[in-house]
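Asker: Residue numbers (our numbering): 59 to 341.
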């Protein structure tokens, strides 16, 4: 019996459509619920005021500032190291058993639970280096957590640049580093920014690493240095949802909405930058 290719195509498209709905619909429902229940709490006072009455009133400004500090510190630490490590693995390291083990280890580290990174940060930065519970410890811990993501995506972006670009540059007398600096890296920037976006999202939304290294339960003031503790939106949301009684529901969902909006805003900025670089690509 001869198969009908159009019937097979329709079945395949139907299955793909159903799979897409199974992903999109729950995410859409979550967004609708958060916006519906959190929007009434979003006021200028809620965003810019200090928490009061044991976090049952006031705003979440210290948590917003603390989250921005931690994510910025994590990116400043992880991005240069991640890009340089990816350049070495992609452009300089020889293909042998050791490099394959290193690449496998980096991929596996990307899937390690965040609580493990939190305990690692507590042991290394808080205790061993004696940074204490501080912005520095929290940022370094988050930076190490997102480092495997940045290395992996950057390496894939570098390897996606056609090898003929390198051959042409070398044939014109450019050194290997000049070729990487002026030819390979500019063409790989969109992929590097993709890893940065993924790292931003994970760093901003994690609770366990900052719980061990920086987050304060209740701190109604702004930090003065990298040695200070801070409030952060993920931990603040966890606290007012589980540890503080009689908190209005709209405050919990409002905090979640602000966290979601902050992550989306940072991702949007990175996506716009990536789009501008991608438009300049000639291949």
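Ideal Cβ positions, reconstructed from N, Cα and C, are used throughout, including at glycine.
#1: Out of 137, 138, 161, which has the shortest C-alpha to C-alpha gap to residue 147?
#2: Taking Cβ to Cβ, would you say residue 265 is nearer than 9 Å to residue 273?
#3: Below 7 Å CB to CB, which residues in the same chain sit around residue 132 once its five sequence neighbours on both sides are set aside?
#4: Per the contact definition of three or more C-beta pairs closer than 8 Å, is the stretch 212-226 in contact with the stretch 168-181?
#5: Name the DSSP bridge partner or partners of residue 219?
#6: At 4 residues or longer, what runs of the alpha helix (DSSP H) sit wholly inside the stretch 166-244?
#7: Rounded C-beta distance between residue 315 and residue 97? I'm assuming under 8 Å.
#8: Under the assumption that residue 251 contacts residue 328 (Cβ atoms under 8 Å), give the Cβ distance between them as a whole number of angstroms.
#9: Does the pairing of the stretch 288-308 with the stretch 109-126 give three or more beta-carbon distances under 8 Å?
#10: Once DSSP output is grouped into helix, strand and coil, what is the label at residue 116?
#11: Look at residue 268 and residue 290 and say whether their C-beta atoms are less than 9 Å apart.
#12: Can you round the beta-carbon distance between residue 100 and residue 312 to whole angstroms, since I take them to be within the 8 Å contact cut?
#13: Could you tell me which uninterrupted alpha helix (DSSP H) segments, each at least 4 residues in length, are contained entirely in the stretch 237-317, listed from first to last along the chain?
#14: In or out: residue 76 buried (at least 16 other Cβ within 10 Å) or exposed?
#15: Look at the alpha carbon of residue 79 and the alpha carbon of residue 154, and state the distance between them as a whole number of angstroms.
#16: In this structure, does DSSP put residue 13 in helix, strand or coil?
#17: Quick one: using the 10 Å Cβ neighbour count with 16 as the cut-off for buried, is residue 117 buried or exposed?
#18: If you run the structure through DSSP and keep just helix, strand and coil, what is residue 110?
#19: Going by alpha carbons, who is nearest to residue 279 out of 90, 86, 106, 94?
#20: Evaluate residue 127 with the Cβ neighbour count: other Cβ atoms within 10 Å of its Cβ, from every protein chain shown; 16 or more gives buried, anything less gives exposed.
#21: Here's the rule: buried if 16 or more other CB atoms are within 10 angstroms of the residue's CB, otherwise exposed. What is residue 109?
#22: Here's the rule: buried if 16 or more other CB atoms are within 10 angstroms of the residue's CB, otherwise exposed. What is residue 234?
#23: Would you give the residue range spanned by the alpha helix (DSSP H) that residue 148 belongs to?
#24: Here's the rule: buried if 16 or more other CB atoms are within 10 angstroms of the residue's CB, otherwise exposed. What is residue 165?
Answerer: According to the structure data:
#1: 161
#2: yes
#3: 197, 200, 201, 204, 261
#4: no
#5: BP columns for residue 219 are empty, so no partner.
#6: 172-179, 193-218, 221-229, 234-237
#7: 7 Å
#8: 6 Å
#9: yes
#10: strand
#11: yes
#12: 6 Å
#13: 243-263, 266-271, 291-300
#14: exposed
#15: 43 Å
#16: The question about residue 13 has no answer, for the chain in this structure spans 59 to 341.
#17: buried
#18: strand
#19: 106
#20: buried
#21: buried
#22: exposed
#23: Unbroken run through residue 148: none, as it is neither H nor E.
#24: exposed
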